[in-house]
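S.K.:
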Amino acid sequence: MKIGIVTDSTSDISDQEAAALNITVIPAVLIIDGKEYLDGQGLSREEYYGQLPALNPPPTTASPSSGNFLDSYQKLFDNGVEQILSIHVSAKLSGIVNAAQIAAQKFGDRVQVIDSGQLSMGLGFQVLGAAQSAISGSIDRVHESLHSIRRRLRVIAMLDTLEQLKRSGRVNWMRSSLGSLLRIKLFLEVKESEILKLGETRTRSKGLQRLEEMLESNAPFEQLAIVHTNAQQEAAQLAEKYSALVSNPPLIRNVTTVIGTHVGVNALGFICIRAENPQP
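Letter by letter, the sequence shown follows residues 9 to 288 of the working numbering.
(1) Work out the CA separation of S213 and L161 for me, nearest whole Å.
(2) Relative to the C-alpha of Y56, which residue among A70, L38, G42, S71 is closest?
(3) On the DSSP letters alone, give me the boundaries of the beta strand (DSSP E) that M166 sits inside.
(4) In whole angstroms, what is the alpha-carbon distance linking P288 and G277?
(5) Which residues share a DSSP beta bridge with K282?
(6) So Y56 is in the alpha helix (DSSP H); what residue range does that whole segment cover?
(7) What residue ranges within the segment 75 to 141 form continuous alpha helix (DSSP H) runs of no fewer than 4 residues, ordered along the chain?
(8) Determine the DSSP secondary structure at L46, reduced to helix, strand or coil.
(9) What are the boundary residues of the beta strand (DSSP E) that includes I203?
(10) Between A112 and S22, what straight-line distance do the alpha-carbon atoms span, to the nearest angstrom?
(11) Using only the alpha-carbon positions, how far apart do S153 and L93 sit?
(12) Using 10 angstroms around the beta-carbon of S225, count the other beta-carbons present and answer buried if the total reaches 16, otherwise exposed.
(13) If you draw a straight line from the C-alpha of P66 to the C-alpha of D41, how long is it?
(14) Is it the case that the Cβ atoms of V150 and I95 are separated by a distance below 7 Å?
(15) Along the chain, where does the alpha helix (DSSP H) containing A252 start, and where does it finish?
(16) In three-state terms, what does DSSP make of T297?
(17) So, under 8 Å CB-CB, T265 and D16 are touching, yes? Tell me the CB distance rounded to an integer number of Å.
(18) According to DSSP, is I157 part of a helix, a strand, or is it coil?
(19) Residues in its own chain within less than 6 Å of I11 by CB, not counting five upstream and five downstream?
(20) For D79 and L216, I'd like the C-alpha separation in whole angstroms.
(21) Among A27, S19, T32, I279, which residue has its Cα nearest to the Cα of F229?
(22) When burial is assigned at 16 or more other CB atoms within 10 Å of the CB, is G268 buried or exposed?
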């Protein structure tokens with residue numbers, strides 16, 4: 009069976025990865041002062057994050073339309089795909105899953121829409137694993153791969169500013185936070201669609217130390233990605249320091265603008281798939 013894999017741009021997979029594994033990536037939408045940009049098109053991540061703190065009114069984001077999904081699904085079927093797995097950012101964090109489900113109704117059970125419970129490479133690693141398993145032509149094998157990856161995922165980040173997260177209104181416990189909270193470095197984990205608070209530090213230097221401790225506690229890794237919003241130098245240093253803990257070189261991703269809009273600039277974190285059977 010020929011299986012098609014579809015995802016959205018919040019997955020943070022590269023154009024090269026998508027092309028190599030025949031993954032269809034549908035861009036989310038970034039809105040700056042009323043002007044819409046397709047995620048990853050017309051505005052680089054580096055350029056956007058350089059502007060973000062000063063943008064007023066604050067940028068917003070939107071899901072692709074169900075029509076975008078409908079067209080993409082139809083194109084895949086026209087090209088000989090028999091079954092589609094459409095894997096997306098957590099439905100608790102975005103309306104993308106809903107848009108995909110509306111489009112999928114036209115095709116019955118030929119399209120399965122999957123809520124990854126994740127974002128960024130937490131979604132991306134699931135998509136890459138699914139696409140690799142899809143080569144076998146077995147839907148069951150793809151689902152087994154997704155289950156295995158989700159069970160071993162950790163998604164942890166340090167936010168340098170909480171202003172954008174508070175504005176977004178997407179984290180319930182942030183709505184009642186005191187203004188002084190905006191000056192701390194907050195640690196968050198995304199786990200099965202929930203955003204959990206892991207702790208905080210007062211300074212970035214202590215935050216970096218804490219982040220390294222969290223990273224080390226999850227080793228060894230099957231896959232590792234260092235993610236950031238314009239903190240390239242620190243991300244590269246982390247990737248180099250911990251490259252020995254993973255068989256493949258760690259990925260470094262300046263995360264998609266539609267995520268960065270809500271977490272702010274200079275965020276830094278890691279996303280990993282822990283090794284299945286680590287050696288003692």
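Each residue gets a CB set at the ideal place from its N, CA and C atoms; glycine is no exception.
M.R.: Taking the structure as given:
(1) One C-alpha to the other measures close to 26 Å.
(2) The candidate whose alpha carbon is nearest that of Y56 is L38.
(3) Counting along the chain, the beta strand (DSSP E) containing M166 begins and ends at 161 to 167.
(4) Note on P288: pLDDT 46, under 50, position unreliable in the model; the coordinate value appears next. Cα to Cα, the separation comes out at about 26 Å.
(5) Per the sequence presented here, residue 282 reads as Arg, with Lys not at that position. Paired residue(s): F229.
(6) Per DSSP, Y56 belongs to the alpha helix (DSSP H) from 53 to 59.
(7) Those alpha helix (DSSP H) runs which fall completely within the segment 75 to 141 and span 4+ residues are 104 to 112.
(8) If DSSP states are grouped into helix, strand and coil, L46 belongs with the strands.
(9) I203 -> beta strand (DSSP E) spans 202 to 209.
(10) Looking at the two C-alpha atoms, the distance is approximately 25 Å.
(11) Each residue's alpha carbon lies about 13 Å from the other.
(12) Counting the other Cβ atoms within 10 Å of the Cβ of S225 gives fewer than 16, which makes it exposed.
(13) Taking the straight line joining both Cα atoms gives about 8 Å.
(14) It is not a contact, given that the beta carbons lie outside the stated cut-off.
(15) Annotation for A252: no alpha helix (DSSP H) segment contains it, and DSSP assigns it neither H nor E.
(16) The requested residue 297 does not occur in the structure, where the chain is confined to residues 9 to 288.
(17) Going by Cβ atoms, the distance from T265 to D16 rounds to 13 Å, so no, they are not a contact pair.
(18) Looking at I157 - three-state DSSP - the assignment turns out to be helix.
(19) Closer than 6 Å at Cβ, skipping near neighbours: Q91, A142.
(20) Approximately 44 Å, taken between the alpha carbons.
(21) Per the C-alpha coordinates, the member of A27, S19, T32, I279 positioned closest to F229 is I279.
(22) G268 counts as buried, since no fewer than 16 other beta carbons sit within 10 angstroms of its beta carbon.
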